[in-house]
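Peer 1: So in the numbering used here, the last spot in the sequence shown is 372, and the numbers never skip.
Sharing a structure with you now.
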Amino acid sequence: MHDRRRQCAPSSWGVLALVGVCLAGAGRAVAAPPAVGYRLGVILEPDTGEVRAQGVIRVENRGAEPLSRLPLVLYPNRFGDLDPAITDVNVDRYYVRFYDWGSARLERIERLGGGKLFTRPHPAPLPEGVAVEVVLDPPVAPGEAVELSVDYSAYVPERLGSFGRHDGRWILEGGWLPYVPAEDAAGVRDPRRPPAQAQYALTLQVDWPQPERPRAILLDGQPVQSGYTARFEGASPSLALGAKLHALASAPPGASAPGVRVYGSAGDTERAARLVKLAQEAGAWLRREYPESGEAPGEVVFVEAPLRDRNLVVADKTIFYSERIFGLFVLLEGLIEVEAWRGTMQSLIRQDLERVDLGGDRDWVTEALAWYAVQTWAQRRG
């Protein structure tokens, strides 16, 4: 969802890695609860792509100044028009039969116990409707919190990739619910930054077209049932539901190897077993070479997705893998294995740094650490 790559000089990688593991240790020692929380009831319509949510967004002002403006990101509006990067050459990587536009809307927003709040388009240079600014009048004093009562609706477009629905399956990397962006070093919440770390209490109600035949629901990588309230901490949870989400393979955590689960098309057990083996090898190597990186082996969750432009997408707690990996171009399988190693390491590092206040830098820091680790592994392997 957030593609933020930064170039670092090779000599800085080791320093960056050391900073990362030290931050992880510090985060475990002094972790504070997130300043943002969501309590939402969500209704999903698998056939039509509709999302409806109602509930409360809570934001604590931990800055030194009163909080008078709060940005909210309505990410599905990112797909409200054709991306300039999509051309006649690559359109089949994203759309199958026709263009389908996503949308999202705040139907209502009020201060809990107060009146209706005014919203306006955020001035950030983003596609139309992606960010709105909520005017808080009166402002929220430092150390105080505001609770916003919201009604929200969205439409998930029919498209390939890591945000959309296709062939009876939803794959949403994140951003399908409204979110508050992370703060930068100056305490500013720029909507171009990734979602803030938050506490979630989500009750999902899925209106299956055939209620007698419910299908799988994976929320933030965890299987849940319709009507269940999930409580967890994260930035922006991934969601996968519908077809092609069979439990294919799993392995329990070992002394250093992570636990692994793989979900995908029925019968695709050979590819699933390969991913389990690669993930356990990568996780064990990471814990052995960088023991400070984590106190527990962790868990890695792979979910098959209709990816056509890449092999893997590492979401907050889920790794989406292309249904085509290891099936095309045998000569590239070694490179794909390296990607699986890198994705596993990034997922585990994200878990290690979950409670560390990296703000909007979380994505690129964890990606950089993962690239450093996998490069070190490749060099030592020869």
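A virtual CB, placed ideally from N, CA and C, is assigned to each residue, including glycine.
1) Excluding the 5 residues preceding and the 5 following Gly4 in the sequence, name in chain order all residues of the same chain whose CB lies nearer than 6 Å to its CB.
2) Please go through the same chain and pick out, in chain order, the residues whose beta-carbon is closer than 6 Å to the beta-carbon of Tyr65, but skip the five residues on each side of it.
3) So is Val140 buried or exposed if we call it buried at 16+ other beta carbons inside 10 Å?
4) Please list, in chain order, all residues of the same chain as Ala247 whose beta carbon is under 7 Å from its beta carbon, the five residues on each side excluded.
5) So is Pro66 in contact with chain D if we call contact Cβ pairs under 9 Å?
6) Pick out whichever of Ala121, Glu50, Ala263, Ala22 has its Cα sitting closest to the Cα of Ala94.
7) Given a cut-off of 9 Å, decide if Gly92 and Pro129 are closer than it, judged by their beta-carbon atoms.
8) How would you call Asn51, buried or exposed, if buried means at least 16 neighbouring beta carbons within 10 angstroms?
9) Under a Cβ-count criterion, where at least 16 other Cβ atoms within 10 Å of its own Cβ denotes burial, should Thr38 be classed as buried or exposed?
10) So, does the stretch 64 to 84 touch the stretch 99 to 107, judging by three or more C-beta pairs under 8 Å?
11) Please report how far the alpha carbon of Asp210 lies from the alpha carbon of Ala131, in whole angstroms.
12) How far does the alpha helix (DSSP H) with Glu449 in it extend, from its first residue to its last?
13) Give every residue of the same chain whose Cβ lies closer than 7 Å to the Cβ of Ile33, excluding the five residues on either side of it in the sequence, and list them in chain order.
14) Grouping DSSP H, G and I as helix and E and B as strand, with all else coil, what is Ala(-1)?
15) DSSP puts Ile161 in a beta bridge; with which residues?
16) Are there 16 or more other CB atoms within 10 angstroms of the CB of Thr219, so buried, or fewer, so exposed?
17) Quick check: the Cα distance between Leu343 and Ala191, rounded to an integer number of angstroms?
18) Hey, would you say Arg159 sits closer than 9 Å to Ala233, going by beta carbons?
19) Go to Leu209, then tell me how far its beta strand (DSSP E) extends in each direction, as first and last residue.
20) From His156, Ala144, Glu118, pick the residue whose C-alpha is nearest to that of Arg298; which is it?
21) Can you tell me whether Gln369 is buried or exposed? The criterion is at least 16 other CB atoms within 10 Å of its CB, across all chains shown.
22) At what residues does the beta strand (DSSP E) containing Glu97 begin and finish?
23) Check the C-beta distance from Leu235 over to Ala206 and give it rounded, since I have them as a contact under 8 Å.
Peer 2: Looking at the atomic coordinates:
1) Note that Gly4 has pLDDT 49, beneath the 50 cutoff, so the model's placement of it is unreliable and the number below is only indicative. Cβ neighbours of Gly4 beyond the five flanking positions: none.
2) Gly165
3) buried
4) Gln270, Gly273, Ala274, Pro287
5) Protein chain content of the structure displayed is limited to a single chain, and chain D is not contained in it.
6) Ala121
7) no
8) buried
9) exposed
10) no
11) 33 Å
12) Nothing about residue 449 can be reported from this structure: the residues present for the chain run from -9 to 372 only.
13) Arg42, Gln195, Asp197
14) Reliability of the predicted coordinates at Ala(-1) is poor, the pLDDT of 37 falling under 50, and the value obtained from them is presented with this limitation in mind. Coil, per DSSP.
15) Gly154, Ala230
16) exposed
17) 21 Å
18) yes
19) 206 to 209
20) His156
21) exposed
22) 93 to 101
23) 4 Å
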